[in-house]
Each structure stands twice: as C-alpha cells, then as structure tokens.
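In my numbering, the protein residues as written are 1 to 574.
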C-alpha cells in the first residue's frame, strides 16, 4: 500500500513538473489535413478579420485565417447574424470560426450550425477587454476553468468538428502549464497561446513571453500556435525557432501590414486601394473598411500636412470616397518616393523615428508601459499644478474684495476643456445648448405657455383667474362659460316645465314624465359639473372636481353668474 501511495505521489509530481505530455492524434490530423500544415496565421479580430481582409491577407502569404469573434448566443438565435458572419468563398480556406461562450448547451449548438462552413471551431479564452468582463467570456473565464473544460469536452464529443482554443497565460507558470494540459485533455485539438497575461492590454501591453509558450509546446502533444511580439517577418522566423511551435499568429502586425508574411515593402496607398477593391467585391460594413484604411494610412495621416485628408476619411461613407482619400495621399507623397522632393522630416516629429518612411506598410509600435505610466504621472502633475494655480488666483481675487471672477470665454468652460486647450490651443468646442428659462417654481417654462409658466403653475393660475392656456391645453374659462350657459338653459327649461305643470295639473302621466326628465337632467348636470372645474353648488347639491385638486384661496367673481366662495365652491347666481 505504501508503494502505491508513493507511485501516485510521484506521478502527480511529474505532471506538475511538466514531464508528461498529453494530447491525441486528432489535432495533428487537423493540422496536417484540412489546415494544410499552416504556419502563417491571421488572428480572429473583431470588426477586422472579415472576408475582404482575409482575402487580402491570403494574397500576401497568410495560410490560415480566423473569422472575427462571434457571440455564440446571438449566432444561435439570429439567422441574419449567421449569414453575415459566415460569408465566405471557395478561396477562403482553410478557415476557423471563433466563438465566445459561457454556456455549454449554447456553444455546442453554435458549433453544429457553423460546422458546414469551416474546418474547425475555436473557443475564445483570451479576450481581455472590458466588454468580455461584462459578458463573462474570453479571458474572464480563467477563474472558472471547470466551465471551460466542460464546454470543450461536450463540443468535441457531441459534434464532428474539431475544437481548438486560444488562451492567455497566468502569472503563475505552473498554473499556465496545468491549464494548457487540461484543455488538451478536455478535447482541444490545437492551442493558440498568447504570451501575455489578461492585464497586459492597451498601453500596458508590453512584451509577450515566448518562454512560457515554449514550455506549453513541450507539455502537450497537439499543434501549438504562438501569438505576441510579431511585427516583422524576422519576428516570425525567430519565434518559430525559439518556441518550436507549428504556427505563428499575428493580429496588430497584420492590420498595419498585410504583407508581413512575405517581407515585401508595399506602399500604403496601393495596399489600401487593393483592399477597397476586395471590399467592393465582398461587401462589409463601412465602419470595417474605414477602420482598415485608417490603420494602413496611419503614419501618413498623422503628418500635419495631411490632417485635412484624415478629417475627410473620418466622414467617408462609401468605398469611392475612401478610394479618393487614398489617391490624394498618393499624389501628395509620390514626389518623395520618386526622389523629386527630398524627404527631410523634423527631428522631433514622429516620422523621424520610424524604421521606414511613412508611405511604406509597417507595424504600429506601442510605447513601453514604463513610458506610458511616466506620461500619466506627468499629466497628473500638470493637472495638479493647474488646479493649485487657479485656486491661488481665486484666493487672491477674493482677498482684494473682487468676489467671484468676472465671467469670460475661458471661465465659462469646464476645467477639463481648459486642460485640453493647454495641450491644443487651436482646439474649438461646440457651443453648448442654451439653458431653459425657469418658471417662478424653478422648473422650465413651457415654450408655448401664454403666461410664461410651467404646466403646474399654469394650471393653478388658470383656475384661480378663470383663464385659458391653449399652449398647455388648459381651458378653464371655456369650460366654465359652457357650464354657465348650460345651467342657464336648464333653469329656463325647469321654469317652463313648472308653468306647464300648473296648467295641466290634472294630467298625471304628463307630470310624471316631466319629473323623470328633470331627474335625468340633474344627473347630466352632475356629470357635466364634474368635468367642468372646481366644486360647483347648484340646487343644493355640491359636486367635487376629482381631476384637478386646486386651491382657490379667495372669493372670485366669475362671468356668467358663477361665484367662487371661500370654501372653494362655485355657486350659481340666478
């Protein structure tokens, strides 16, 4: 029994120390078969790796492409979403569809629906963006590994399509290796390892760790793709050598230079025009195309001489308009490429620090995280100094008895906008909307009110003064006049009927009919009074206005024989 116990312990130590490789032959069959031993891979990119961009990348050496990340739940429910995102063609293979998911049932169903249109399904386990945190998918499932393993296990067992996974690393190396092995054991046929942690994103991206990618490759017996730090063809070759992986995946490097896998130097306008031709052939949302053109022309558009073209491009809504911007860039920069005009950028300009001239496709290089943090600290220091300076000026003016500073164009803008003006004095801001005029109760006045009041104050004013306000559709005066006329006619009818009754006192049937009619008229009177306004007293009966609870604070004579008493009662004077 002791020997068995020691054997189990030793086996666990071997697993933890990464001495045992796990995997199956299905991953190698996938890579060598449908994926054609692809080494150069274009990453799944939201709003970017659509069909037109994939076809451009394949022309320049990409051997395998991924679709943009798709939401599995939307994919299952929305047929139009499926149709738009599965758009492809015969030349667009091999192709892997990527999903984000957090429900095994939904993920399995999405895999079934997408299987006929691709060569494999990839589960996104690496997205670090805030939207992934909110939706609980991508890299934010790393705390719930059992759910991840369940999704991969069920999808690989219940569908015929191979399942792959794209992951990020943990801060803990052993945890990363265990995570990778368990993914493969659950059924992942290929692993793509992004050598950065979940927190390494945006300005804090930093360098990817190729060392941990190499260790993952050595710990599993499935094909592995490496992702991170791929900006030039030399990086591709170096990563393949150092890590021993089967393929290299790139995202940002491909977005700024689709020819990265060929090593060719292509003019940015030629690449942009070529892409726009494909976008016209394989339609996609305008925002996708505009975003691609912005990235391709980035270094040219950041030159002050081309600011007008950058503004034009931001307003483009058609392929033709974007093509015109690319052609205008070409016309302006072509003399530099031919040598007719000398290229002499200023020493302190961004163009002077580029490895190639700005008209050549090249990667966008982020500044190191340390420099970014230093910039943030410097901005915070400047903001604090500005705040202290403003406070000192206010204190000085107050001590001189001047009170508040006189309003000026600068003092009327917010402190945030003042900071922006310091960085860019030429910046202009939209004129803010004029504030609403206020009623005496501090609420906004009605724009169509006859008395310049809000609705509540106008209602009180009209009821106390017996007025109409067509703007608010408060018709107190009109209703009271109609009520007075109506009751005057009723009284006249009653007098006539009384006289007729005395003359025909022997006719009981006629008398009974008059009484019934009078009672019916009284009921109609009650209904009309209830809709006419405040309390009305007539024939000894008081009716209350249930719709408008208005405080009539004093006696007021009203036209047509109606009087408002101190008890908020309208009486009829005959």
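A virtual CB, placed ideally from N, CA and C, is assigned to each residue, including glycine. Remember, it's a predicted structure, so these values are computed and weren't measured experimentally.
Does DSSP classify residue i as helix, strand or coil?
i	result
residue 474	strand
residue 87	coil
residue 424	coil
residue 225	strand
residue 300	helix
residue 365	coil
residue 469	strand
residue 438	strand
residue 116	helix
residue 293	helix
residue 220	strand
residue 354	coil
residue 46	coil
residue 546	Reliability of the predicted coordinates at residue 546 is poor, the pLDDT of 42 falling under 50, and the value obtained from them is presented with this limitation in mind. Correct three-state label for residue 546: coil.
residue 187	coil
residue 257	coil
residue 208	coil
residue 493	helix
residue 287	helix
residue 174	helix
residue 488	helix
residue 498	helix
residue 230	coil
residue 262	coil
residue 77	helix
residue 457	helix
residue 407	Unreliable placement is indicated for residue 407, whose pLDDT of 44 sits below 50; the coordinate value is still reported in the next sentence. DSSP places residue 407 in coil when its eight states are reduced to three.
residue 129	coil
Residue i lies in the beta strand (DSSP E); which residues open and close that run?
i	result
residue 250	247–250
residue 40	40–42
residue 167	163–168
residue 192	191–194
Just the C-alpha distance for residue i and residue j, rounded to the nearest angstrom, thanks.
i	j	result
residue 233	residue 260	6 Å
residue 310	residue 301	6 Å
residue 328	residue 283	23 Å
residue 76	residue 325	39 Å
residue 257	residue 156	35 Å
residue 303	residue 168	36 Å
residue 96	residue 64	8 Å
residue 192	residue 114	20 Å
residue 267	residue 355	14 Å
residue 396	residue 370	39 Å
residue 37	residue 285	32 Å
residue 308	residue 469	53 Å
residue 92	residue 51	8 Å
residue 243	residue 423	45 Å
residue 44	residue 67	5 Å
residue 388	residue 379	14 Å
residue 265	residue 228	22 Å
residue 127	residue 165	12 Å
residue 343	residue 35	44 Å
residue 334	residue 317	26 Å
residue 295	residue 305	18 Å
residue 281	residue 180	40 Å
residue 200	residue 74	28 Å
residue 374	residue 383	14 Å
Which one or two residues does DSSP pair with residue i in a beta bridge?
i	result
residue 66	96
residue 360	267
residue 71	100
residue 444	438
Where does the unbroken alpha helix (DSSP H) through residue i begin, and where does it stop?
i	result
residue 122	Note, residue 122: premise wrong, no alpha helix (DSSP H); beta strand (DSSP E) at 120–125.
residue 241	233–243
residue 201	No alpha helix (DSSP H) holds residue 201; DSSP gives it neither H nor E.
residue 335	319–338
residue 305	Element bounds for residue 305: n/a, residue is neither H nor E.
residue 146	145–158
residue 138	First-last for residue 138: undefined, no H or E at that position.
residue 51	51–59
residue 344	Counting along the chain, residue 344 falls outside any alpha helix (DSSP H), and DSSP gives it neither H nor E.
residue 27	25–32
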